[in-house]
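See structure below.
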Amino acid sequence: MRSIAEADYGTPNPQLVQLEPLRRVRVQIDDRMIEVPEGTSVLRAAALAGTSIPKLCATDALEAFGSCRLCLVEIEGRKGYPASCTMPVAEGMQVRTQTPKLAQLRRGVMELYISDHPLDCLTCPANGHCELQDMAGAVGLREVRYGYDGANHVYAKSTDGAHNPLFADKDTSNPYFTFDPSKCIVCSRCVRACDEVQGTFALTIQGRGFASKVSASQDQPFLESECVSCGACVQACPTATLTERSLIEIGQAEHSIVTTCAYCGVGCSFRAEMRGQELVRMVPNADGHANHGHSCVKGRFALGYATHPDRITTPMIRDRITDPWRVVSWEAAIAHAASEFKRIQAKYGKFSVGGITSSRCTNEETYLVQKLVRAAFGNNNVDTCARVCHSPTGYGLKQTLGESAGTQDFDSVRYADVMLVIGANPTDGHPVFASAMRKRLREGARLIVVDPRRIDLLKTPHGSPGIHLKLRPGTNVAMLNALAHVIVTEGLVAEDFVAARCDAAAFEQWRAFVADPAHSPEAMEAELGVAATAIRDAARLYATGGNAAIYYGLGVTEHSQGSTAVMGIANLAMATGNIGRPGVGVNPLRGQNNVQGSCDMGSFPHELPGYRHVSDTPVREAFERRWGVPLHAEPGLRIPNMFDAALDGSFKGLYIQGEDLAQSDPNTQHVTAALGAMECVVVQDLFLNETAKFAHVFLPGSSFMEKDGTFTNAERRISPVRQLMAPRARYADWEVTQLLSNALGYPMHYAHPGEIMDEIASLTPTFSGVSFDLLDRVGSVQWPCNDAHPQGSPTMHVDTFVRGKGNFMLTPYVPTREKITPRYPLLLTTGRILSQYNVGAQTRRTANVVWHDEDRLELHPHDAEERGIAEGDWVGVESRAGDTVLRARITDRVQPGVVYTTFHFPESGANVITTENSDWATNCPEYKVTAVQVTRVSQPSEWQRRFHAFADLQESLLPHDTVVTHPEIAGR
1 MRSIAEADYG
11 TPNPQLVQLE
21 PLRRVRVQID
31 DRMIEVPEGT
41 SVLRAAALAG
51 TSIPKLCATD
61 ALEAFGSCRL
71 CLVEIEGRKG
81 YPASCTMPVA
91 EGMQVRTQTP
101 KLAQLRRGVM
111 ELYISDHPLD
121 CLTCPANGHC
131 ELQDMAGAVG
141 LREVRYGYDG
151 ANHVYAKSTD
161 GAHNPLFADK
171 DTSNPYFTFD
181 PSKCIVCSRC
191 VRACDEVQGT
201 FALTIQGRGF
211 ASKVSASQDQ
221 PFLESECVSC
231 GACVQACPTA
241 TLTERSLIEI
251 GQAEHSIVTT
261 CAYCGVGCSF
271 RAEMRGQELV
281 RMVPNADGHA
291 NHGHSCVKGR
301 FALGYATHPD
311 RITTPMIRDR
321 ITDPWRVVSW
331 EAAIAHAASE
341 FKRIQAKYGK
351 FSVGGITSSR
361 CTNEETYLVQ
371 KLVRAAFGNN
381 NVDTCARVCH
391 SPTGYGLKQT
401 LGESAGTQDF
411 DSVRYADVML
421 VIGANPTDGH
431 PVFASAMRKR
441 LREGARLIVV
451 DPRRIDLLKT
461 PHGSPGIHLK
471 LRPGTNVAML
481 NALAHVIVTE
491 GLVAEDFVAA
501 RCDAAAFEQW
511 RAFVADPAHS
521 PEAMEAELGV
531 AATAIRDAAR
541 LYATGGNAAI
551 YYGLGVTEHS
561 QGSTAVMGIA
571 NLAMATGNIG
581 RPGVGVNPLR
591 GQNNVQGSCD
601 MGSFPHELPG
611 YRHVSDTPVR
621 EAFERRWGVP
631 LHAEPGLRIP
641 NMFDAALDGS
651 FKGLYIQGED
661 LAQSDPNTQH
671 VTAALGAMEC
681 VVVQDLFLNE
691 TAKFAHVFLP
701 GSSFMEKDGT
711 FTNAERRISP
721 VRQLMAPRAR
731 YADWEVTQLL
741 SNALGYPMHY
751 AHPGEIMDEI
761 ASLTPTFSGV
771 SFDLLDRVGS
781 VQWPCNDAHP
791 QGSPTMHVDT
801 FVRGKGNFML
811 TPYVPTREKI
821 TPRYPLLLTT
831 GRILSQYNVG
841 AQTRRTANVV
851 WHDEDRLELH
861 PHDAEERGIA
871 EGDWVGVESR
881 AGDTVLRARI
891 TDRVQPGVVY
901 TTFHFPESGA
911 NVITTENSDW
921 ATNCPEYKVT
931 AVQVTRVSQP
941 SEWQRRFHAF
951 ADLQESLLPH
961 DTVVTHPEIA
971 GR
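Heads up: the sequence shown begins at 1 in this note's numbering, then just goes up one per residue.
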């Protein structure tokens, strides 16, 4: 069922998918005239006029279906009683919604529904928010003449005690919702939601006539079916057939608060439905501009981590990482951390400490951490996890287009004719946006995928076959140059666009560069491992197929040539004129909820908020005037530099808010050695994560449900995060940073995060129009939001590029240093899976482990056969950096010579084997290319033994009332 706070207009707004305003049509509903867009249904027009026509199969989240026959109306001049949901309005139409005949028909229809439905309303979890119950009241149902003794789906046995073949038991297999067939009215809303909204096609109507029933896949339990637990079916259900377990356990909510999901970079808007300070359920916000009422299994359901027993809510300190933790007051913990940082700076110098901001925290919290580093520590030693994911995006797009962010909004995909997806797996990493992509593919858009591994987007039901350029890991730049070669040499350049919008000299230099026969598909075929004909077909489709949009992910940026590849992508878009209008553009699919915002807020050591360099004197002076202290004019240390300096003995203190460097960063053993060499590591988080096991001060963090603020998603959309409940550890994260800054001697006195955003807006031109008041009025806004764009900027570079003329950059292909050898003959690449998120600190502490409870190594059947490896075997994975042990999954999703794993479980040690190789411009690690050998083994690796011993030690050092669990691996 949908949110308690939302009205349902019955059918979708036809204007939503149109770029130009639709013609207005006047129609009379009973005695009221109303003007609506052409294509509006009579049902929707009536709702807009304030008249509620009874309905059951209709909802404005789905296309009209016309099966329930409850929304019948009379139309002047037409015979019969048409369904108002499928009847479009016409100019001058006169509609009657309430007549004695209509009332009789509707009661008759409702009587039939109720005759095959349980009469347990008082104990039903939908009681008080049930559409069937509401409609029975709306039509004035007072009796059911047909009785309940005949054929039915309600009772397990018939009146004579025989088994009822139509009855089916409740399906409780899914950890988040139940399916009770006895309450089903076969309205098909769940089936249509799975088809139209999610695009999985996991549900169907099985059987015919009275024997019709909803079935998951091949009449399987939901958990065993193709269902991805997005919850679209639950939201669409008008009865209690599909119901959240939390709603069953707690009861109906009594108020709703709009907030933003804290998982991936899509930034879905939710209505948090509450009873007091208890969360009943999350319902995707139909007015959410990024998700339009849809969600995934994580955002809707995976929220139990916030109340998990592992969560630590009291500050703790210790002198050495081998000492037991001591629980102390907030005042003592803050004072201790501040005194340690002061001591270290007095002994080792001003530049011996730094801070790490979090892409999971709000813009306001991130802003305060970088401000603390610059104003209180007095240096620029601040960095963020964007360093290890999308820092090449910032660099590459800044060099070419002039702004360090994507060019479009998500809705732009509605107008794309061609999608070029490079190094991204949207169905797992950005599932709600993937559903929008799949919808467009079903409507006829064409798909090109550049990826070493087959992704699920290529299997879109009812979509046209895609082109899969299954290249070798590490060859993205060579592929982009080959695509550009075809576009240039076959005369496919958008010459008028380039002449008007781009730097002529840079373009001519680039044209000559990519036209070189050395970049042709034929010349690069052996290097890429992709047929030249397929590359040419893809290039022609991208250049001539209409609106062409590029979507890329970490499979582009996490390479030694990540920045070069981003520039190559921008070159392609400019050369074909696919910039500056809906349906096109360069779209980085950023991984975490606020990775865009953490970059916007000045989390890099060389940039102040708004991507202004610290050496820019007028900009720096503006911050000095506002902050009241002099600022250092030289860039500080990046994360890898901090680690190296720690091992050299010159970097001794680190404040880490909401990041787990010991699990997420490459070459784990190097990272943990650096953390172990520091004298004061302060970790602010929800759990004793892997990094916190090397900490000397633990400051409890707050979940997104316990704070106010904003997130900025992958499309530059700034969305509100609103406090649902009091912080379990007393303070929100921004308050903790403020306390620490004050203790360090730099005063901060914000009373609310809205005041922090006001300061951000006053100092950052692209945010100058942003305020909490604006977000409360419009819901969300995309930067730039300023005097020139007071309502934000869905599409960038419309008439001109931010930098003026588009700048084509040369992109020479330099093969990675990470090469296969006889000792390491396979290439490892990494990625994510739908049910888990990033390092898994949140999702591992939810029921999502039902779907994915360990990281596995995918390898091709050929490679497995050569090594005598079978499905489920334990295999050792060794690189020059280290080794670990994972369970094998045999699949042809990967090509021969390539293996793949995820990194959601710390004991898997995926980053033990990744190396120190990184992007030449930004130091973004090369996670996607590691030369390895894989062998069958029978026991954990030496690193895993040490990991478990250290984890056990650290857990034993916690106070007795704090228990932390970690998953085991077989063979320990």
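By construction, the Cβ of each residue, glycine as well, lies at the ideal position given by its N, Cα and C atoms. None of the values given here were measured: they were computed from a predicted structure.
Please report how far the alpha carbon of Leu203 lies from the alpha carbon of Ala193, in whole angstroms.
9 Å
Which of helix, strand or coil DSSP assigns to Arg320
coil
Are the stretch 184-201 and the stretch 229-236 in contact at 8 Å, needing three or more beta carbon pairs?
yes
Element boundaries [alpha helix (DSSP H), containing Pro753]:
753-763
Closest Cα partner of Thr564 within the set Asn838, Gly396, Ala346:
Gly396
The stretch 676-690 contacting the stretch 646-655, beta-carbon criterion three pairs below 8 Å
yes
Quick check: what's the CA-CA separation for Pro181 versus Ala168?
6 Å
To test your reading of the DSSP string, which unbroken beta strand (DSSP E) runs of 3 or more residues are found completely within the stretch 160-212?
177-179, 203-206
Can you tell me which of Ser269, Gln684, Glu926, Ala870 puts its alpha carbon nearest to the alpha carbon of Glu558?
Glu926
In three-state terms, what does DSSP make of Met93?
strand
For Gly882, count neighbouring C-beta atoms within 10 Å of its own C-beta (all shown protein chains included) and say buried if the count is 16 or more, exposed if not.
buried
Can the beta-carbon of Val595 be found closer than 9 Å to that of Gly831?
no
Going by alpha carbons, who is nearest to Glu76 out of Asp31, Leu458, Tyr367, Asp773?
Asp31
Sort Asp417, His292, Thr259, His289 by Cα distance to Met980 and report the nearest one.
Given that the chain is displayed from residue 1 to residue 972, the structure contains no residue 980 and the question cannot be resolved.
Pick out the complete alpha helix (DSSP H) segments inside the stretch 573-628, 4 residues or longer, and give them in chain order.
595-600, 617-627
Where Ile205 falls, given that 16 or more other Cβ within 10 Å makes a residue buried:
exposed
In chain order, what are the residue ranges of uninterrupted beta strand (DSSP E) at least 3 long that sit wholly in the stretch 505-576?
548-552
In chain order, what residues of the same chain have a beta carbon less than 8 Å from the beta carbon of Val1047, not counting five sequence neighbours either side?
Since the first residue shown for the chain is 1 and the last is 972, residue 1047 is missing from the structure and cannot be characterised.
State yes or no: is the C-beta of Ala232 within less than 9 Å of the C-beta of Gly267?
no
Could you compute how far the alpha carbon of Asp323 sits from the alpha carbon of His696?
9 Å
Close-in-space but distant-in-sequence residues of the same chain around Glu527 (CB under 7 Å, 5 per side omitted):
Thr475, Ala478
When you compare the stretch 501-514 with the stretch 800-819, are there three or more beta-carbon pairs, one atom per stretch, that lie closer than 8 Å?
yes
Report the partner residues of Ser41 according to the DSSP bridge assignment.
Pro88
Classify Leu122 as buried or exposed, calling it buried when 16 or more other Cβ atoms lie within 10 Å of its own Cβ.
exposed
Distance between beta carbons of Met93 and Thr133, contact taken as under 8 Å:
Sequence check: residue 133 is Gln here, not Thr. Not confirmed; about 31 Å, so no contact.
Under the three-state DSSP convention, the category His255 falls into
strand
Can you list, in chain order, the residues of its chain whose CB lies under 6 Å from that of Val964, leaving out five sequence neighbours each side?
Unreliable placement is indicated for Val964, whose pLDDT of 46 sits below 50; no coordinate value is reported for it.
Cross-strand partners of His468 (DSSP beta bridge):
Val449
Glu340 in three-state terms, based on DSSP:
helix
Rounded to whole angstroms, what's the CA-CA distance from His606 to Asn380? Just pull it up for me.
7 Å
Nearest to Val899 by alpha carbon, out of Ile639, Ala864, Val139, Asn917?
Ala864
Threshold first: 3 residues or longer. Then list the beta strand (DSSP E) segments lying entirely within the stretch 276-324, N to C.
278-284
What residue from Lys371, Val191, Ser212 has the CA that sits closest to Glu226's CA?
Val191
Helix, strand or coil at Val266 [DSSP, three-state]:
coil
Jot down the residue ranges of each uninterrupted beta strand (DSSP E) in the stretch 849-887, minimum 3 residues, whole runs only, in chain order.
856-859, 874-878
At what residues does the beta strand (DSSP E) containing Tyr395 begin and finish?
Run containing Tyr395: none in the beta strand (DSSP E); it sits in the alpha helix (DSSP H), 391-400.
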